[in-house]
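Before any comments, here is the structure.
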Amino acid sequence: METKPHHRFSLQNHLLYILLLITSNLFTFYLFSSPHGSPASSSSLPVPPPPAPSFPSEYYAFTGPHKLPFGHNPNIDSSLLNPPLAHPCLLSGSLLTTFLSYNVNSSYPDDEPLLQKLLLRGCDPLPIRRCREIKRWVTPSTNPLDFTIDEVLSLAKPPNSIRIGLDLGGGSGTFAIRMRERNVTMVASTLNLNGPFSNFIASRGIIPLYTTVGKRLPFFDNTLDIVRSMHVLSNWIPTTVLHFVLFDVYRVLRPGGLFWLDHFFFVEGQMEECVSVIESVGFEKLKWEIGRKLDRGAELKEMYISALLQKPLKNSW
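In my numbering, the protein residues as written are 11 to 327.
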């Protein structure tokens, strides 16, 4: 009997606390929802983003939403497909505008540094452009250092025997694409330096091989018909490593296989050493051209070797 007043007093306290809590919440809601509230509330409003630059229609067709052919799809609860591609391109508006500034149906401009910058900033894959690729390695050149694919394939023994090969330092895969047009399957090695080249090569239907210079090539002996290298094998590689790489190229080529050394770079004072290393491997010379590299000035005395070498048909280890 003595505890009843205690219970009644406790219940009254609880009701009072609840009433005070509700009152304070209502007052707080009124204060912050009032148009006469804190003057700082107006400054906390989000600032609208600046208008996006105007891009050609190719960009919007590439990144914009597309209606599904059969309307609303209950699996994704949407009637639109929003490609999760190339949206970081918007962060590089000026570069992308330059990339998309070209003459429709003309040849692609020479803009490799620009492509590298866009790829490094996450603009991958790049929007599709309506222009023609420069037919490098296809159109004959007045420069004797520039061999054409048809010229190289014509020297194969036996004729029409080039079917599978490796492009060391395949870049963006363009050379492999040109070879595929002639029914030659090329694997392109990459390191993804300065850009996601492996992804880009794969998107073009070429097999990327992620490997470094100086590692043993992942091919069995006497299996490839052709190996080609442009710029990757140059004087930046130590002589001992270069010697190993050339011998490994010799190993994977079948007897009669071709090694296309495309624009091997060195300095004039290194000529004797470089030529000695190349000749020591045991290749036969089908074509051999030495010329000046003048793009950075003749005073630097830079040189190129372009060579088409063949693994002997007989007495080749």
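Cβ coordinates follow ideal geometry from the N, Cα and C atoms, glycine included.
Please confirm whether Phe210 and Ser182 have their CB atoms less than 8 Å apart.
-> Between Phe210 and Ser182, the CB-CB gap stays under 8 Å.
Uninterrupted beta strand (DSSP E) stretches inside the segment 246–287 (no shorter than 3 residues) | Qualifying beta strand (DSSP E) stretches, in chain order: 263–277.
Using the beta-carbon count (16 or more within 10 Å), is Gly132 buried or exposed?
-> Exposed, by the Cβ-count rule.
Check each candidate in Gln280, Ile236, Ala317 and name the one with the smallest Cα separation from Leu296.
-> From the listed residues Gln280, Ile236, Ala317, the smallest Cα separation to Leu296 is found for Ala317.
Pick helix, strand or coil for Ala5, following the three-state DSSP scheme.
-> Outside the shown range of the chain (11 to 327) lies residue 5, about which nothing can therefore be said.
Completely contained alpha helix (DSSP H) runs for the segment 70–154, where each covers 4 or more residues = Whole alpha helix (DSSP H) segments, 4+ residues: 103–109, 122–130.
Which listed residue (Ile174, Arg264, Val255) has its alpha carbon closest to that of Ile288 = Residue Val255 holds the alpha-carbon nearest to the alpha-carbon of Ile288 among Ile174, Arg264, Val255.
Over what stretch of residues does the alpha helix (DSSP H) that includes Ile211 continue unbroken?
-> Element bounds for Ile211: 207–213.
Got a sec? Which residues, its chain only, sit under 8 Å from Tyr220 by beta carbon, not counting five neighbours each side?
-> Closer than 8 Å at the Cβ level, and outside the excluded window around Tyr220, lie Ser199, Thr200, Leu201, Asn202, Ser208.
Can you have a look at Phe185 and say buried or exposed, based on whether 16 or more other CB atoms are within 10 angstroms of its CB?
-> Around the CB of Phe185, 16 or more other CB atoms lie within 10 Å, so the residue is classed as buried.
State the DSSP-derived secondary structure class of Leu29, mapped to helix, strand or coil.
-> Leu29 falls in the helix class under three-state DSSP.
Which same chain residues, not among the five before or five after Pro49, have their C-beta less than 7 Å away from its C-beta?
-> Only weak support is given to the placement of Pro49: the predicted model assigns it a pLDDT of 44, under 50, and the value that follows is read from those uncertain coordinates. Result list for Pro49: empty, nothing under 7 Å.
Cβ separation of Val237 and Val259, assumed to be a contact under 8 Å, to the nearest whole Å | Indeed, because the Cβ distance is near 5 Å, the residues count as touching under 8 Å.
Who does Ser199 pair with in a DSSP beta bridge?
-> DSSP lists Leu219 as partners of Ser199.
Could you tell me if Val242 is buried or exposed, where buried requires 16 or more neighbouring beta carbons within 10 angstroms of its beta carbon?
-> Val242 is buried by the Cβ-count criterion.
Could you tell me if His76 is buried or exposed, where buried requires 16 or more neighbouring beta carbons within 10 angstroms of its beta carbon?
-> Of the other Cβ atoms in all chains shown, fewer than 16 fall within 10 Å of the Cβ of His76; this residue is therefore exposed.
Simplified DSSP state of Asp177, which is helix, strand or coil = Strand, per DSSP.
Endpoints, alpha helix (DSSP H) assigned at Arg190 = It spans 184–190 - the alpha helix (DSSP H) in which Arg190 sits, taken as one unbroken run.
Delimiting residues of the alpha helix (DSSP H) encompassing Ile159 | First-last of the alpha helix (DSSP H) with Ile159: 159–164.
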